[in-house]
Amino acid sequence: MPKHMKLVTALSLMLIMLAQPIYAAEKSVKIKVTVVSVKLVENNHVGNEWLTAAKINGKEVSAGSSLTLTLKASETIHLNAYAEEQDKIPEDGEATASVKASSIAKTTNKALSVVVTENRGRYSGETATWKFTFKLQKLS
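Numbered according to mature numbering (1 follows the signal peptide of the UniProt record, and there is no 0), the sequence shown spans residues -24 to -1, 1 to 116.
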């Protein structure tokens, strides 16, 4: 084998070895997401019959319950909070947040505030505020 071919082969192998980490599979992480609480923190004459829903990556999870996700570090966790005052003409509100899996070191709390505004009657314009608290915990 000619000398320059050995050199080209050696350089090619070195480039392949250096590039390998770029193509390596991204490591997965397990993250436990808990809906810690769903609380009505303020209600200025909006109503007293409510429907609330918390979602983690599109899956509904009740207060006090958890969902364990296996994600790549580059993936995102999507949190959604929804509150609806139920009457003849219901009012609703929603809040969302996205948290990158790589940003969770140990345990992180994320609170979402949902404001619902009365749209009719003598209390039109008044608001109610719900607080949804999520706990995101990286598992070993």
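The beta-carbon is built from N, C-alpha and C at its ideal position, and this holds for glycine as well.
Please classify Ala49: does DSSP put it in a helix, a strand, or coil? coil
Where does Ser13 sit, in a helix, a strand or coil, going by DSSP? strand
Through-space distance from Gly97 to Ala81, alpha-carbon basis: 48 angstroms
Check Lys3 in the structure and name its three-state DSSP category. coil
DSSP state of Lys76, grouped into three classes? strand
Residue(s) in a DSSP beta bridge with Ile32: Lys35, Leu55
Where Ile65 falls, given that 16 or more other Cβ within 10 Å makes a residue buried: exposed
Kindly indicate the opening and closing residues of the beta strand (DSSP E) around Gln113. 103 to 115
Please confirm whether Ala87 and Thr109 have their CB atoms less than 8 angstroms apart. yes
I believe Val90 touches Ala57 by the beta-carbon criterion, under 8 angstroms. Please report the beta-carbon distance rounded to the nearest angstrom. 5 angstroms
So, Gly69 versus Ala77, is the Cβ gap smaller than 8 angstroms? no
Out of curiosity, what's the CA-to-CA distance linking Leu27 and Trp106? 11 angstroms
Can you tell me the Cα-Cα spacing of Ala104 and Ala30, whole angstroms? 17 angstroms
Nearest by alpha-carbon distance to Val14: which of Val37, Ser50, Lys114 is it? Val37
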